[in-house]
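In the working numbering, the protein residues as written are 15 to 637. Every residue, glycine too, gets a C-beta built ideally from N, C-alpha and C. Heads up: the structure comes next, in structure tokens.
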């Protein structure tokens with residue numbers, strides 16, 4: 015376990031070197047430092063995992079490093095915790111993160127700020143590793159804020175364009191709202207338990223609080239608010255699609271291996287608290303996840319930007335993970351988190367290859383006919399898209415997504431099950447639409463062939479992991495997370511209904527593919543074009559294309575009032591209000607100055623009036 019700290023120290027050192035030297039480093043040296051530090055991190059993660067399986071399998075291992083700070087009795091340690099859940103998250107972050115770094119060295123070649131870009135990537139990974147490895151919530155929060163600032167830096171990497179800066183600010187601002195909720199939750203936990211050490215809170219929670227205790231309900235609601243922000247769930251989801259302003263490897267890192275998984279990890283890690291608040295778990299986690307999944311599916315149907323389609327698909331798949339958490343299928347949620355990291359990283363990196371091939375064009379309707387020009391990328395989209403729609407048996411997505419739907423079905427959560435089924439239908443339609451329009455039909459933009467080991471090696475590895483082979487990597491979560499209702503039925507040998515749930519889900523997925531084939535292959539989209547020209551069709555398309563109006567709503571409710579207030583405060587009304595006092599003093603001075611005439615008669619009259627007033631006051635006091 016002594017090597018565990020090096021998993022995040024290596025990319026942190028890489029960040030310090032790259033950030034310090036920046037433009038003084040050649041692209042080759044920046045690549046060696048940036049990618050090499052991630053390779054070392056992955057190696058240390060592998061060695062730590064092997065050590066864990068050999069010596070500590072099934073146990074939680076604490077690795078204290080030093081006392082972080084001490085304020086009275088509050089003395090949180092800078093310590094790490096390693097168990098099956100930490101192992102899974104660390105493997106995903108370092109393994110997939112390394113492949114993304116390697117691909118980025120090819121994708122970003124020749125770009126200005128090459129070393130700066132890799133410094134941000136390294137810091138991003140170091141922050142995420144700290145988040146999942148910290149043994150206390152304060153350390154987790156440090157990593158949580160670290161990935162937040164790195165997302166701002168990476169999304170706004172091309173800061174010379176105003177739209178990219180706006181997207182970065184939007185991501186930073188929206189996720190900060192969730193971070194405030196999380197901070198309030200941490201304050202509540204410290205007030206009740208006197209510690210932020212995760213293991214102590216988990217142990218004490220069932221002893222201190224009963225089910226549905228009001229304080230615990232409020233606390234878990236705050237934690238869920240933090241998870242909404244990082245994992246882009248309604249109502250804090252609007253930043254995710256705009257985050258596509260960053261370079262494509264950034265999108266892969268955010269959507270597959272790091273930031274958006276933080277909310278899922280937080281809820282899974284703190285699951286004993288949520289067990290005590292079943293309604294928060296069901297409605298605020300599972301219910302919101304289902305709504306987010308459906309909203310994302312409808313939005314993806316109308317998008318034309320290849321990366322925005324994949325962004326909404328990420329929000330949709332995170333919705334599945336939240337459904338799994340909501341029904342108590344903790345292990346299924348983390349399993350889908352892992353498989354999603356494989357196929358979503360594959361799809362985003364492949365989309366980056368497409369964008370480079372067609373000279374940075376991102377509109378899928380300006381592509382077409384690419385399957386002959388870039389066959390490897392086409393294969394990646396077929397396998398990655400198959401995993402996204404959960405093609406049976408041959409793709410990794412089938413095993414994890416069907417596990418979630420079975421858990422919801424087995425637990426009697428029919429509404430969430432059918433929401434997931436409809437989500438599978440929508441996913442099939444927009445995924446087929448994406449692949450067909452991009453790779454088939456008439457070539458609209460000339461594409462050039464791609465080459466380089468840094469290009470094909472990460473894609474090939476992720477392609478293999480996105481097939482059924484990836485499902486063989488079962489996360490070691492036994493003893494860390496409880497079994498879900500479906501897994502308990504299987505354990506008891508009473509899982510006859512599992513095939514029913516699978517047949518329903520596969521049937522809806524197949525129906526979505528069939529509908530997409532009819533609309534885009536046989537009809538060539540003419541029916542959809544006619545529908546879009548109608549009043550209802552045009553309105554629906556506009557509504558879905560603009561994210562169901564959430565941005566417009568927030569603009570009216572939050573942005574415009576805020577701008578109005580800042581405009582009113584532009585001239586500093588507080589300062590002007592304070593200036594009333596010297597103004598009154600000045601007026602008083604001018605009025606009293608006029609009484610100084612220099613005439614004896616005026617002074618005598620004033621003296622007489624004053625004397626009369628004093629006599630009257632004296633008589634009133636005597637009486």
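(message) Please state whether the Cβ-Cβ distance between residue 348 and residue 304 is less than 9 Å.
(response) The residue you call residue 348 lines up with position 334 of the chain shown. The residue you call residue 304 lines up with position 290 of the chain shown. The answer is no: Cβ separation not under 9 Å.
(message) Between which residues of its own chain and residue 251 is the CB-CB distance below 7 Å, once the five residues before and five after are set aside?
(response) In the chain shown, counting from the first residue as 1, residue 251 sits at position 237. Closer than 7 Å at Cβ, skipping near neighbours: 306 and 329.
(request) Report the residue from 181, 245 and 283 whose alpha carbon sits nearest the alpha carbon of residue 261. (result) Position 247 of the chain shown, counting from 1, holds the residue named residue 261. Ranking 181, 245 and 283 by Cα distance to residue 261 puts 181 first.
(message) Judging by CA-CA distance, which residue of 323, 200, 317 and 372 is the nearest neighbour of residue 287?
(response) Along the chain shown, read from residue 1 onward, the residue named residue 287 stands at position 273. Closest option to residue 287, Cα to Cα, is 200.
(request) Following the continuous beta strand (DSSP E) through residue 483, name the residue where it begins and the one where it ends. (result) Residue 483 sits at position 469 when you count from the first residue of the chain shown. It is not in any beta strand (DSSP E) - residue 483 carries neither H nor E in the DSSP assignment.
(request) For the beta strand (DSSP E) holding residue 93, just list the boundary residues, first then last. (result) In the chain shown, counting from the first residue as 1, residue 93 sits at position 79. That run of the beta strand (DSSP E) goes 91–96.
(message) Given this structure, state the Cα-to-Cα distance separating residue 30 from residue 583, to the nearest angstrom.
(response) Position 16 of the chain shown, counted from the first residue, corresponds to residue 30. Position 569 of the chain shown, counted from the first residue, corresponds to residue 583. Computed Cα separation, rounded: 40 Å.
(message) Pull the bridge partners of residue 80 from the DSSP assignment, please.
(response) The residue you call residue 80 lines up with position 66 of the chain shown. According to DSSP, which records beta bridges pairwise, residue 80 is partnered with 92.
(message) Taking the straight line between their C-alpha atoms, what separation do you get for residue 576 and residue 248?
(response) Along the chain shown, read from residue 1 onward, the residue named residue 576 stands at position 562. Along the chain shown, read from residue 1 onward, the residue named residue 248 stands at position 234. If I take the Cα positions, the gap works out to 22 Å.
(request) Could you check the C-alpha separation between residue 113 and residue 56 for me, to the nearest Å? (result) Mapped onto the chain shown, residue 113 falls at position 99. Mapped onto the chain shown, residue 56 falls at position 42. Rounded to whole angstroms, residue 113 to residue 56 spans 10 Å at the Cα level.
(request) Consult DSSP for residue 108 and reduce its assignment to one of helix, strand or coil. (result) The sequence position of residue 108 within the chain shown is 94, counting from 1. Reduced to three states, the DSSP call for residue 108 is helix.
(request) Return the bridge partner residues of residue 409 from the DSSP annotation. (result) Here residue 409 refers to the residue found at position 395 of the chain shown. Residue 409 is bridged to 481.
(request) Quick one: measure Cβ to Cβ for residue 188 and residue 243, integer angstroms, because I've assumed they're closer than 8 Å. (result) Against the chain shown, residue 188 aligns to sequence position 174. Against the chain shown, residue 243 aligns to sequence position 229. Yes, they are in contact, since the Cβ atoms of residue 188 and residue 243 sit about 7 Å apart, within 8 Å.
(request) Return the bridge partner residues of residue 319 from the DSSP annotation. (result) Sequence index remark: in the chain shown, residue 319 carries index 305 (1-based). In DSSP, residue 319 forms a bridge with 377.
(request) Can you give me the Cβ contacts of residue 97 inside the same chain, cut-off strictly under 6 Å, excluding the 5 residues immediately before and after it? (result) Within the chain shown, the letter at position 83 stands for residue 97. Taken in chain order, the residues that qualify are 74 and 494.
(request) Taking 9 Å as the cut-off, decide whether the C-beta atoms of residue 452 and residue 403 are in contact. (result) In the chain shown, residue 452 corresponds to position 438, counting from 1. In the chain shown, residue 403 corresponds to position 389, counting from 1. Not a contact, by the Cβ cut-off of 9 Å.
(message) Taking only three categories from DSSP, how would you classify residue 178?
(response) By 1-based counting over the chain shown, the position of residue 178 is 164. In the structure shown, residue 178 sits in a helix (DSSP, three-state: H, G or I).
(request) Within its chain, find whatever has a CB closer than 8 Å to the CB of residue 315; leave out the 5 residues flanking it on each side and keep chain order. (result) Against the chain shown, residue 315 aligns to sequence position 301. For residue 315, where only same-chain residues beyond five positions count, the Cβ hits under 8 Å are 440, 443, 444, 447 and 558.
(request) Flag this pair as yes or no: are the beta carbons of residue 533 and residue 542 separated by less than 9 Å? (result) Sequence index remark: in the chain shown, residue 533 carries index 519 (1-based). Sequence index remark: in the chain shown, residue 542 carries index 528 (1-based). Yes, these two residues count as a Cβ contact at 9 Å.
(message) Quick test of your reading: residue 638 and residue 368, contact by CB under 8 Å. State the CB separation rounded to the nearest angstrom.
(response) Nothing in the structure corresponds to residue 638, since the chain is present only between 15 and 637.
(message) When you compare the CB positions of residue 296 and residue 340, do they come within less than 9 Å of one another, or not?
(response) As a first step, residue 296 is located in the chain shown; it is residue number 282 there, counting from the start. As a first step, residue 340 is located in the chain shown; it is residue number 326 there, counting from the start. Their beta carbons are under 9 Å apart, which means residue 296 touches residue 340 by this criterion.
(message) When you compare the CB positions of residue 216 and residue 284, do they come within less than 9 Å of one another, or not?
(response) Locating residue 216 in the chain shown gives position 202, where the first residue counts as 1. Locating residue 284 in the chain shown gives position 270, where the first residue counts as 1. Closer than 9 Å, so yes.
(message) Looking at the strands, I want to know which residues DSSP matches up with residue 211.
(response) Taking the chain shown and counting its residues from 1, the one referred to as residue 211 is at position 197. Partner(s): 150.
(message) Can you tell me which residues form a DSSP beta bridge with residue 85?
(response) Translated into positions along the chain shown, residue 85 becomes position 71. In DSSP, residue 85 forms a bridge with 88.
(message) Looking at the strands, I want to know which residues DSSP matches up with residue 75.
(response) As a first step, residue 75 must be located in the chain shown, where it is residue number 61. BP columns for residue 75 point to 96.
(message) DSSP three-state label for residue 291, please.
(response) Position 277 of the chain shown, counting from 1, holds the residue named residue 291. Residue 291 falls in the coil class under three-state DSSP.
(request) Closer than 6 Å by C-beta to residue 196: which residues in its own chain qualify, once you throw out the five before and the five after it? Chain order, please. (result) For the purposes of this step, residue 196 is taken as the residue at position 182 of the chain shown. For residue 196, where only same-chain residues beyond five positions count, the Cβ hits under 6 Å are 240.
(message) Along the chain, where does the alpha helix (DSSP H) containing residue 457 start, and where does it finish?
(response) Taking the chain shown and counting its residues from 1, the one referred to as residue 457 is at position 443. That residue, residue 457, is in no alpha helix (DSSP H); it is neither H nor E in DSSP.
(request) Kindly indicate which three-state DSSP category residue 342 falls into: helix, strand or coil? (result) Within the chain shown, the letter at position 328 stands for residue 342. Residue 342 falls in the coil class under three-state DSSP.
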